[in-house]
């Protein structure tokens, strides 16, 4: 059974250009995400899924230099990009990772995968009812569920964000959402804007050590000690990109 982390990455973000290669303690954001995902006990392969745009040649070069699997596909139809990548690399279980989350936690990833395997779900996440900080979110789904979504989804939001067709149709798929012991969904640990990047830099400055990773609990402890850090990016709306694509659906 091939369990792969599929990292969707592109350089053309309108809100924060080239954040994929933004520096955190001497390494690009994308490298940190890959390193963190590799701490998972279940994940066998890491695949970068990027676009065919010329500007994303740099991502392909990065992948080749670091011996990481790479797939290039549609910029806007990310559902198709994921499906074609999973098909090419014979992936049975996909762990969806976005390349703007510098704090992805392998313990949370493994919790999701463990539930998925034990209970034979089609889709497991902590995002349907969010209780984890934004940026610690994770989605795990089967190739069969992905293929069904690829065949049947037709809304812009369903194609741009890969999984909405799956989790919006619990009558068609066996889905599960797991929650944290308290609601931390207002915490913002992702990078979409310069303020997010400033927050990430401050956390990495305090917690990052070469050759190791830090976990969600350590970030929470840091924020208890230095609560002013959370104020750096607190005014940005959660899931802003997905909410925008829902507006596109209405047009």
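In our numbering, the protein residues as written are 6 to 256. Note that beta-carbon positions come from the ideal geometry of N, C-alpha and C, so glycine has one too. Please read these numbers as outputs of a predicted model, since none were measured by experiment.
Contact between the stretch 201 to 209 and the stretch 144 to 152 is absent: fewer than three C-beta pairs spanning the two stretches fall below 8 Å.
Assignment of residue 138 by DSSP, reduced to helix, strand and coil, places it in the coil class. Pairing residue 53 with residue 75 gives a Cβ-Cβ distance under 7 Å.
The shortest CA-to-CA distance from residue 8 to any of 23, 28 and 145 is the one to 145.
Beta bridge pairing from DSSP links residue 101 with 11 and 144. Between residue 57 and residue 15, the CB-CB gap reaches or exceeds 7 Å.
In the structure shown, residue 55 falls within a strand segment according to DSSP collapsed to helix, strand and coil. With respect to the C-alpha of residue 38, the residue from 21, 213, 6 and 17 having the closest C-alpha is 213. Around the C-beta of residue 19, fewer than 16 other C-beta atoms lie within 10 Å, and the residue is accordingly described as exposed. The count of Cβ pairs closer than 8 Å, one atom from the stretch 77 to 96 and one from the stretch 153 to 164, reaches three, so the stretches are in contact.
For residue 78, there is no enclosing alpha helix (DSSP H); the enclosing beta strand (DSSP E) has its first and last residue at 74 to 78.
When the beta-carbon positions are compared, residue 195 and residue 139 come within less than 7 Å of each other. DSSP, read as helix, strand or coil, puts residue 189 in coil.
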